[in-house]
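Before any comments, here is the structure.
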Amino acid sequence: MNELIEYFVKNYPFLWGYMLDHLEIVGLATITAILIGVPIGIYLTTNKYLAGTILQLASVFMTIPSIALFGVMIPVLSVINQGVGFLPAFLALVLYSQLPIIRNTYTGIQNVDPQLRDAANGLGMTTLQRLWKVEIPNAMPLIMAGVRTATVLNIGIGAIAAFIGAGGLGVVIYQGIVRANTTMVLAGAISVAVVAILADFILKLIQKKLTPKGAN
Amino acid sequence: MIQFDNVNKVYEGDVKAINNVDLTVPDGEMVILIGPSGCGKTTLLRMVNQLETISSGSILLNGEDVTTLDKIEMRRKIGYVIQSNGLFPNMTIEQNMMIVPQLLGWDRAKKRDRFNYLMDLIGLNPDEFKKRFPHELSGGQQQRIGVARALAADPPVMLMDEPFGALDPIIRARLQEEFLQIQREVKKTILFVSHDIDEAVKMGDKIVLLRDGEVMQYDTPAEILNHPKNEFVNEFVGSDRVLKSMSLYTVKDLYKAFTLKPNFESKDIRTINEDTSLRVAISMILNQEADQLVIEDNEGNNHGSLTMDLLEQFLHKEIKGQEG
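Structure representation (structure tokens):
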């Protein structure tokens, strides 16, 4: 225990640097995933047939072990000389976070009371107005829950990206394993966990802020 | 004015939901669509604002075929109230009520004035409720807001789909009264779906009785109750139709129909106001509160006494008399 505290005190600049790397890659991947996943989720509510297929496909991505997906990325992206490093890790994380985001957006919008949709139509809202004023605000808690799941998931999987040279807190764990330094492994693992918990907490606050008072 | 001209709706597999409906809702009148579940009353209503398609025939809104109008624009000119009130939980009462004005781009001051006016109309304090959310209100209050929202942009036509159906009987009766009061002031052209014949009799200028998408009878409440056109109508309005029809008449109608002598005989006779419905008068007599009731007008003048005999005579005169 003392060793661990000592390690943190001595090496915090080193850990801090890896943490920022970690946040950068996870942050960018999650934001990209939201920008792709939310519109897909919304679109799927208008196309039931496609919804089944896409959700199935996203589930399939989830079942691929992360280390394998990173492995697959290497030869594919080597074609453009990006086999290791940031890009494959980024792409893998975007793919992983699609399922929770698409599924929650889709379910959230689907679960909006059909009577509200009927009222919105009857009052003369256009499809876009209905989406912005009624459906998205009322689906916000579920959409944000998906984003939170995706973020926490990505923070964990992001640690594995160190194996393909993407940096981040995984590097600390990886080096700890190689050097048989348990303290270092623990320090890396604890850092990842703390980042995940903090991120979830902050997103919870954002969720509260984004959810209209009456909608939950 | 809403005109239905030979309107049909056919679902796949030749299921006829609406069958050759021909009827006119005159300006400023409230017409009630009623019938057993599955008779197509809601479908017919929703065809007016194009929430349901029309298979053949046409629906004219002030002379214009609804299918030729811009859907969105047209819906903003039609007030729409649904049973579950349809208030948006994410918006405050003010935002909910001002949706259509908002969509129409009214300025702030105009919206605020309209909000205050409508809240007064439905008897709620504007400042108290403005910032509240729908879930903080009682069912009756929510439904009042739902009605006011439909009135927000002052549309000439209103469609109401069982607006009071989800409320308990006491609140429902109160809202019905209030809405009749409002209607006397705003005089909208209203199509109103109900499954409750008492509500239809109470609220409607006319009643459309539907079965399997077909109009069985389109008449005033008195005609429907007193002269049902066929066995189905007779059964639907119920064997107590005569009693129901009594709620259409007031004590005043009765004393106008006969020449009665003022009654000053007994002292402990109960009095009854001329605006009371005959249905209430009958219950008072049947409850043995008194075997005769002294009729008083609003100025307190004595117009003679009302007895069971007299009620029978009146019934005979009003209802049976028209048959011959």
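Residue numbers (the working numbering), protein chains in the order written: chain D, 1 to 216; chain U, 217 to 540.
Note that beta-carbon positions come from the ideal geometry of N, C-alpha and C, so glycine has one too.
Shorter than 7 Å from the beta carbon of residue i to some beta carbon of chain D?
i, result
"U:F349", "yes"
"U:E228", "no"
"U:R324", "no"
"U:R291", "yes"
Closer than 7 Å by C-beta to residue i: which residues in its own chain qualify, once you throw out the five before and the five after it? Chain order, please.
i, result
"D:V59", "In the sequence under discussion, the amino acid at residue 59 of chain D is Ser, which differs from the Val named in the question. L99."
"U:A366", "G295, Y296, V297 and M374"
"U:A158", "This structure cannot settle anything about residue 158 of chain U, because the visible part of chain U is limited to 217 through 540."
"U:V316", "R292, A368 and A369"
"U:E207", "Shown here, chain U extends from 217 to 540; a query on residue 207 of chain U therefore has no answer."
"U:L464", "V417, P437 and A438"
"U:E401", "none"
Give me the chain D residues within the contact set of residue i, using Cβ-Cβ distance strictly less than 7 Å, ordered along the chain.
i, result
"U:N306", "P137, N138, P212, G214 and A215"
"U:I315", "L123"
"U:N265", "G122"
With respect to the beta strand (DSSP E) encompassing residue i, which residues constitute its N-terminal and C-terminal limits?
i, result
"U:V373", "V373 to D377"
"U:L425", "K422 to R427"
"U:H519", "N518 to L522"
"D:I177", "Careful: D:I177 lies outside any beta strand (DSSP E), inside the alpha helix (DSSP H) at G170 to V178."
"U:A233", "V231 to V241"
"U:T487", "R486 to N489"
"D:N2", "Run containing D:N2: none in the beta strand (DSSP E); it sits in the alpha helix (DSSP H), N2 to L44."
"U:I440", "Counting along the chain, U:I440 falls outside any beta strand (DSSP E), though it belongs to the alpha helix (DSSP H) covering P437 to N442."
"U:F408", "T405 to S410"
"U:K225", "I218 to Y227"
"U:I275", "S272 to L277"
Starting from residue i, find everything on chain U with Cβ-Cβ shorter than 8 Å and list it in chain order.
i, result
"D:V134", "F304 and N306"
"D:N11", "Result: empty, since nearest Cβ-Cβ is about 47 Å, beyond 8 Å."
"D:T126", "I288"
What residue does the alpha helix (DSSP H) around residue i start on, and which one ends it?
i, result
"U:G256", "Where U:G256 is concerned, there is no enclosing alpha helix (DSSP H), given that its DSSP letter is neither H nor E."
"U:I298", "It is not in any alpha helix (DSSP H) - U:I298 instead sits in the beta strand (DSSP E) that spans I294 to I298."
"D:A166", "From DSSP, D:A166 is part of no alpha helix (DSSP H); its letter is neither H nor E."
"D:T151", "I136 to I160"
"U:V510", "Looking at the DSSP string, U:V510 is not in any alpha helix (DSSP H); the run it does join, the beta strand (DSSP E), is L509 to E512."
"U:Q399", "P385 to V402"
"D:G108", "F86 to Q110"
"U:K468", "V467 to A473"
"D:V185", "T182 to L210"
"U:F345", "P342 to F345"
"U:D456", "Segment: none, U:D456 is in no alpha helix (DSSP H) and carries neither H nor E."
"U:P478", "Run containing U:P478: none; DSSP gives neither H nor E here."
"U:A506", "Premise fails: U:A506 is in no alpha helix (DSSP H) and is neither H nor E."
Looking at the C-beta of residue i, does it have a partner C-beta in chain U at a distance below 7 Å?
i, result
"D:Q98", "no"
"D:A161", "no"
"D:T105", "no"
"D:T46", "no"
"D:A145", "no"
"D:A119", "yes"
In chain order, what residues of the same chain lie with their CB nearer than 8 Å to the CB of residue i, ignoring the 5 residues before and after it?
i, result
"D:I173", "A159, A162, M184, V185, G188, A189 and V192"
"U:K460", "I413, D414, V417, L441, V453, G454 and R495"
"U:C255", "L426, R427, D428 and G429"
By the criterion of Cβ-Cβ separation under 7 Å, what are the contact partners of residue i in chain U?
i, result
"D:Q115", "I298, S300 and G302"
Sorted by chain position, which residues of the same chain lie with C-beta nearer than 6 Å to residue i's C-beta, five sequence neighbours on each side aside?
i, result
"D:Y7", "T183 and A187"
"U:I501", "M524"
"U:S253", "none"
"D:G146", "P100, I101 and N104"
"U:A364", "M313, L334 and I338"
"D:V195", "I155"
"U:P371", "K293, I294 and G295"
"U:D491", "T466"
At 9 Å on the CB atoms, spell out the chain D contacts of residue i, in chain order.
i, result
"U:L277", "Ordered by position in chain D, no residue passes the 9 Å Cβ test against U:L277, which lies about 14 Å from the chain."
Along chain D, which residues have their Cβ under 8 Å away from the Cβ of residue i?
i, result
"U:L319", "L123, G124, M125 and Q129"
Just to confirm, does residue i get its C-beta within under 6 Å of one of the non-hydrogen atoms of the ligand ADP?
i, result
"D:V94", "The ligand content of the structure shown is nil, which means the ligand ADP is not present either."
*Give a yes or no on contact between the segment 340-350 of chain U and the segment 287-307 of chain U, applying the rule of three or more CB pairs nearer than 8 Å.*
yes
_Cβ pair count under 8 Å reaching 3, the segment 237-245 of chain U against the segment 401-411 of chain U_ = yes
*asked:* If contact is defined by three or more beta carbon pairs under 8 Å, each pair taking one atom from either stretch, is the segment 80-99 of chain D in contact with the segment 146-154 of chain D?
replied: yes
*Evaluate contact between the segment 354-362 of chain U and the segment 370-387 of chain U, counting only Cβ atoms and requiring at least three cross-stretch pairs below 8 Å.*
yes
*Meets three-Cβ-pair contact criterion under 8 Å: the segment 124-139 of chain D and the segment 10-27 of chain D*: Below 8 Å, too few C-beta pairs join the segment 124-139 of chain D and the segment 10-27 of chain D to call them touching: fewer than three.
_Check whether the segment 268-282 of chain U and the segment 220-227 of chain U touch, using three or more Cβ-Cβ pairs below 8 Å as the test._
yes
*asked:* Measuring CB atoms only, is the segment 109-116 of chain D touching the segment 133-143 of chain D, in the sense that at least three cross pairs come out at less than 8 Å?
replied: yes
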